[in-house]
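So the structure is just underneath, and the comments pick up after that.
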Amino acid sequence: SAVISQKPSRDICQRGTSLTIQCQVDSQVTMMFWYRQQPGQSLTLIATANQGSEATYESGFVIDKFPISRPNLTFSTLTVSNMSPEDSSIYLCSVQTSRDEQFFGPGTRLTVL
Amino acid sequence: TQLLEQSPQFLSIQEGENLTVYCNSSSVFSSLQWYRQEPGEGPVLLVTVVTGGEVKKLKRLTFQFGDARKDSSLHITAAQPGDTGLYLCAGAWGNYQLIWGAGTKLIIKP
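So the protein sequences, as listed, match chains A and B.
Remember, this note's numbering sits 1132 above the position in the first sequence when you count from 1.
Remember, this note's numbering sits 6 above the position in the second sequence when you count from 1.
This is the structure we're talking about:
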């Protein structure tokens, strides 16, 4: 298993601004994942972040809007850029084991006014 | 496109009742996982099933993987208010990504 922390836990932001979410893991992992989730609903994968390479984005998500950094094997950031109210959501990072099991951070609840 | 259909999407029952949540697909998965999520937290892994026909028990929760590894069920016996949460199934199919079900929001009323 892995212990994952995220910062901030929640934020309220103004339209047009950007927010960077940090994800810290207590062990070295190859892949980290960033998800978006509406309360009470399932997870939507934004991108997969590998250390030392560019993130791989899913359909509907682009690097200009959601730039990701992965400077080492224990840390990643996701930036939500030029925010609009439609970006209000819960953002989660996760890591995956060799058994394809994922461990999640507590999430960042973002509200855009 | 891989799909994992989860049902029901919402379930509200009285304490002490039994319930079953289903995840179905036309695709074969190498493994299937069940997660539970409470408000303000990330999903937490409950169990992974790998072998077709496999049954795993976790106290009052029983998980079953279909013989063909295309479907799975979660059965809760004598549900308690502490079982309230969002239940998610996720299938692994060989690449590094998981296919997620739509989730089941479960409310157990005391």
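Don't be surprised by glycine CBs; every beta carbon is placed ideally from N, CA and C.
On a predicted model such as this, the values are computed, not experimentally measured, just so you know.
Going along chain A, which residues have a C-beta under 8 Å from Y28 (chain B)?
-> Numbered from its first residue, the second sequence carries residue 28 (chain B) at position 22. By Cβ distance, chain A contributes nothing, its closest Cβ being about 15 Å from Y28 (chain B), past 8 Å.
Inspect the beta-carbon positions of R1142 (chain A) and L1210 (chain A) and report whether they are closer than 9 Å.
-> Counting from 1 along the first sequence, the entry for residue 1142 (chain A) is found at position 10. Counting from 1 along the first sequence, the entry for residue 1210 (chain A) is found at position 78. Result no, Cβ atoms of R1142 (chain A) and L1210 (chain A) do not sit closer than 9 Å.
Report the rounded CA-to-CA distance for T83 (chain B) versus G22 (chain B), giving the unit in angstroms.
-> By one-based count along the second sequence, residue 83 (chain B) stands at place 77. By one-based count along the second sequence, residue 22 (chain B) stands at place 16. Rounded to whole angstroms, T83 (chain B) to G22 (chain B) spans 8 Å at the Cα level.
Is the region 1188 to 1203 of chain A touching the region 1160 to 1178 of chain A, taking contact as three or more C-beta pairs under 8 Å?
-> yes
Is P45 (chain B) close to chain A, meaning its C-beta is less than 9 Å from at least one C-beta of that chain?
-> The sequence position of residue 45 (chain B) within the second sequence is 39, counting from 1. Closer than 9 Å to some Cβ of chain A, the Cβ of P45 (chain B) qualifies, so yes.
Taking one C-beta from the region 22 to 31 of chain B and one from the region 50 to 60 of chain B each time, how about it: are there three or more such pairs within less than 8 Å?
-> no
For a contact meaning CB atoms closer than 9 Å, what does A108 (chain B) contact in chain A?
-> The residue labelled residue 108 (chain B) in the question sits at position 102 within the second sequence. Those are Q1173, S1174, listed as they occur along chain A.
Which of the three DSSP states, helix, strand or coil, is assigned to E1233 (chain A)?
-> Indexing the first sequence from 1 puts residue 1233 (chain A) at position 101. Looking at E1233 (chain A) - three-state DSSP - the assignment turns out to be coil, as it is neither helix nor strand.
Could you give the DSSP three-state label for P87 (chain B): helix, strand or coil?
-> On the second sequence, residue 87 (chain B) is found 81 positions in, with the first residue counted as 1. P87 (chain B): helix per DSSP, three-state reduction.
From A1134 (chain A) to A85 (chain B), what distance separates their C-alpha atoms?
-> Counting from 1 along the first sequence, the entry for residue 1134 (chain A) is found at position 2. Counting from 1 along the second sequence, the entry for residue 85 (chain B) is found at position 79. Approximately 29 Å, taken between the alpha carbons.
Should A1179 (chain A) be labelled buried (16 or more other beta-carbon atoms within 10 Å of its own) or exposed?
-> Your numbering for residue 1179 (chain A) matches position 47 in the first sequence. A1179 (chain A) should be labelled buried.
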